Amino acid sequence: MIGWLKKLYYPIQAGHYRLEKHSIGLTIGIICAAMIGGFVEIAPLFTIDETVEDAPDMRLYTPLEQAGRDIYVREGCYACHSQMIRTLADEVDRYGPYSLAVESKYDHPMLWGSKRTGPDLARLGGKYSDDWHVAHLIDPRAVVPESVMPHYAFLADAPLDTASLPARLTALRRVGVPYSDAMIANADRDAAGQAQPDSDGADGVFDRYGDATQVRRFDGKAGRVTEMDALVAYLQILGKLTDAAHQMETAGMTPETEAAQ
Amino acid sequence: MITRFTIAERQASLVLLLLMTLAGLAMAAAGAGDAMGVHGFIVLFASLGLIFVVGGALYDPAPTEDRSRAYYDDPIKVGIVLAMIWAVIAMGVGDWVAWMLAFPDLRFDGAWSGFGRMRPVHTTGIIFGFGGNALIATSFHVMQRTCRARLAGQIAPWFVILGYNLFVVMAVTGYMMGVTQSKEYAEAEWYADIWLVIVWVVYFVLYLRTLARRNEPHIYVANWYYMAFILVVAVLHIVNNLAVPASFTAAKSYSLFSGVQDAMTQWWYGHNAVAFFLTSGFLGMLYYYLPKRANRPIYSYRLSILSFWGITFFYIWVGSHHLHYTALPHWVQTLGMTFSVMLLVPSWASAGNALMTLNGAWHKVRDDATLRFMFVAAVFYGLSTFEGSFLAIRPVNSLSHYTDWTVAHVHAGAMGWVALITFGAIYAAVPMIWRRETMYSWKMVEWHFWLALAGTLIYVFAMWNSGIVQGLMWRTYTEGGTLRYSFLDTMIAMHPYYIARGIGGLLFLAGAVIGFINIWMTIRAVGSDSKVLDVPTESEAGEPAVPVAE
Amino acid sequence: MMGLSHDTVVGFAKSFGLFYLIALSIGICVYVFWPRNRDRFRRAKHSIMDDEDGPLTGEDRQ
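Chains as they are written, first to last, in the numbering used here: chain C, 4 to 264; chain P, 545 to 1094; chain V, 16 to 77.
The structure is reproduced here in structure tokens:
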């Protein structure tokens, strides 16, 4: 019995001896133990189309909304606000239909968050008026006295950097967001147009991003396009890139039945 | 310190620094008008400063002694001091932002001081600034002593320590300017990430080359943990930071991954940063400094090997427990949960191994605050790994996730385990490295210990309470079937706990400041002429680790 | 990823991990409890208790 074990063990022991003698061996051991598991776990997520549901009505972020998203990232909003409604009854009751994978398909990076010091924002779009958002961002405690949110008054005076938008959209296309050549070429004009409804640029936004695109003065002021315009435009589109989540809720779908399909 | 370099090494470092100066100049010119340009100037001035340091001593006499006969401790000294500086800065920022959540106007008017920008300054400062410097410095110490070999290379250790700190400086200054990838614990932008890869490769090669020089047949297990830390962190860092810059002359980049894949990659990284940065490396510390300080070999060497492979293997699967009930496929969540629970076995084996090592030496734990730091760290390690496995269970996670319970868990680990084991290791290492009999003041070590312990307990209990209260309030329904509390109601309920948290953090910070002063005074004290061993002496030899005569 | 259907990859991911875990555990346990390794481990465990003033060099080793 022992002899048999010994034979079995011999190569293991010889192998492990080298594994220690030359620390390169230890390196390989650590890679085998640590890396393979991780890649096996993640790999299926990249072969899929099934992980991400189909949503034919899904549209892209407009340049203005993407610029607003970049401001959201820059200010670290994700540190206190999640954008992921879990499949729990109280979350659906509080925030709306639970989040689908497809809804963050174009989110580079995702902003699901990990902590709700403030409420979830996955379905914030359309919940409040632009004026409310602007007033709230300028002085949160003037609107909600108990709020602990920092103020973002400076956004109202900061002109939006639209010049870099074509380059940013190009980078996003490289990582998989299907922006067309026309979208990229007109990115800076579209950003300005979306916040200036009476300008010529507004028409191009409808042409390229659909008639349902929200085109208005998000910061309530005519004239130059500000960072406030961009951030409010982004907040107002949250949860509204596709209607898939609402449709699924109407159809009485739960995560389990969805998985079974 | 420059005098330990040969003339040729001084010239080589000058060449290297000149290259860095040029790189900084290029960054400053190309990135003008962007945060990248500011970082260019930081690189430029840091390199110029070092050029003056090295250049000023260029023609000092060359070293005459045989360097191979001595351990190379200069980079360790700098690493320990830097770790303590980062500790004070980052804990200070942490406590400030904690108060900000109770009193939101407690800030400056500039955008840089908003919570969202300051929070990563705290997390990066603690994890990478304090933890990373402590890990690099102690790894150099442990590696040389356990291998009985000198560090392989004269310039490389400096490159690793200083280059690494340049990365941390770029990261935290970037956040204040709004430069962030928004990936938690990996917020630094692409050029800082690339720089860290270069530093890390040098670190890894340095470690391998020193191990190859060893005068012991067997690599002591502490080095295995440090190796796992270096190696796996490299892979995690590279994969999670894959991104396409919008322009090579500006900081902004976009993650290669999106949505659900990005979430899985991020938390695969995020939890393994906990595993291989905040656990593996610090277990390496534990396996050397605890037996050394207690003057007792580790209880079971076999168990340390078993738990090493267990931790290395299990941890890598558990990241998806951060994504329970989300749009991540259900089976991936279940997998993460299962491995998280199994992880408890090797984790408790490690904690038990540490505690059993002390079994029979409890009088030393009682008398020596340094050893007590390590003892309490092992206890907190056991507690927070239990809590971690518990929180990874789906129904528990439905309550705890998004609340302060997560914050409590993280800080039980970060304050109770990571910081306490680090302070213990530093108090053990400082007298060895600076060749002093003891620390400057054992009373200050005692003060530090009790402040740190009290601070941790207040912090963790406050956040447990607020997290569980908020989680329960979110899911409370009225009899009519509607939600009982608005989100705002739950926020108001948090207020007293946030104040308590601020107090706990303040105590912990005060302890760290005392520790910094104590270390500084130890360094400045005159070295003793008596023969100093690399080990704390026994208590009867006048070791003031024993506060009262018995 | 041509020719690899999602189901195949998921099936592989789900089953492979289990076998890999078992194989790895057996290998490590055998190594740890192999009688001949006992002395190596004992030596390693006690070796860090010894101190010397500097790195060992050629003549120290013998």
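Glycine included, every Cβ here is placed at the ideal spot set by N, Cα and C.
Keep in mind it's a predicted model, so treat the numbers as computed, not measured.
Secondary structure within the segment 649 to 710 of chain P: the alpha helix (DSSP H) runs of 4 or more consecutive residues, fully enclosed, are 659 to 668, 677 to 691 (chain order). Taking all protein chains shown into account, V:ILE37 has fewer than 16 neighbouring C-beta atoms within 10 Å of its C-beta and is therefore exposed. For P:ALA898, the CB contacts under 7 Å within the same chain, skipping 5 residues up- and downstream, are LEU830, LEU834, ALA922 in chain order. Taking all protein chains shown into account, C:TRP115 has 16 or more neighbouring C-beta atoms within 10 Å of its C-beta and is therefore buried. Counting only residues of its own chain and dropping the five nearest sequence neighbours on each side, P:LEU997 has a CB closer than 7 Å to the CB of VAL920. For V:SER40, the enclosing alpha helix (DSSP H) covers residues 21 to 48. Under the 8 Å Cβ criterion, the segment 973 to 985 of chain P does not count as touching the segment 1050 to 1057 of chain P, having fewer than three qualifying pairs. For P:ALA787, the secondary structure class from DSSP, reduced to helix, strand or coil, is strand.
Among the CB atoms of chain V, one or more fall inside 9 Å of the CB of C:VAL43. In summary, P:ARG1068 is exposed, with fewer than 16 beta-carbon neighbours lying within 10 Å of its beta-carbon over all protein chains present. Note that the C-beta distance between C:HIS111 and P:TYR735 is not below 9 Å.
Residue environment for P:GLN698: buried (at least 16 other C-beta atoms within 10 angstroms of its C-beta). For P:TRP875, the C-beta contacts it makes with chain V under 8 Å involve VAL25, LYS29, in order along the chain. One alpha carbon belongs to P:PHE652, the other to P:TYR708, and they sit about 29 Å apart.
The Cβ atoms of P:ASN759 and V:PRO70 sit closer than 9 Å to each other.
Listed in chain order, the beta strand (DSSP E) elements of length 3 or more contained wholly in the segment 746 to 826 of chain P are 787 to 789, 797 to 799.
A distance of 9 Å or more separates the beta carbons of C:THR229 and C:THR65. Pairwise C-beta distances place the segment 90 to 110 of chain C in contact with the segment 1021 to 1035 of chain P, as three or more of them are shorter than 8 Å.
DSSP, reduced to helix, strand and coil, places P:LEU1027 within a strand of the structure shown. With respect to the 9 Å criterion, P:VAL951 and P:ILE1063 are not classified as neighbours on the basis of their beta carbons. It is roughly 9 Å from the alpha-carbon of C:ALA156 to the alpha-carbon of C:MET231. CA-CA distance, P:ILE977 to P:LEU755, rounds to 20 Å. Taking C-beta atoms as the reference points, P:PHE674 and P:ALA634 count as a pair closer than 9 Å. Ranked by Cα distance from C:VAL208, the options C:GLY226, C:GLY223, C:ARG220, C:MET186 are led by C:MET186. Among the CB atoms of chain V, none fall inside 9 Å of the CB of P:TYR971. Put simply, of V:ARG53, V:HIS21, V:VAL25, V:LEU39 the residue whose alpha carbon is nearest the alpha carbon of C:CYS35 is V:LEU39. For the segment 108 to 121 of chain C, the set of positions with a beta-carbon nearer than 9 Å to some beta-carbon of chain P reads LYS108, TYR109, ASP110, HIS111, PRO112, MET113, LEU114, TRP115, GLY116, SER117, LYS118, ARG119, THR120, GLY121 in chain order. In the DSSP annotation of this structure, the continuous segment of the alpha helix (DSSP H) that includes C:ILE74 starts and ends at 66 to 77.
In the structure shown, P:TYR984 falls within a coil segment according to DSSP collapsed to helix, strand and coil. The alpha-carbon of C:THR90 is positioned some 36 Å away from that of C:ALA159. By the rule that beta-carbons nearer than 9 Å mark a contact, V:ILE41 does not touch chain P.
The DSSP-derived three-state label of P:LYS836 is helix. Short of 7 Å from the beta carbon of P:THR947, and not among the five residues preceding or following it, lie these beta carbons of its own chain, in chain order: GLY1011, GLN1014, GLY1015.
The C-alpha of C:SER117 lies about 50 Å from the C-alpha of P:ARG611. Under the 10 Å beta carbon count, C:SER132 is surrounded by fewer than 16 other beta carbons and is classified as exposed.
Counting only the Cα atoms, C:ALA166 lies some 16 Å from C:ASP184.
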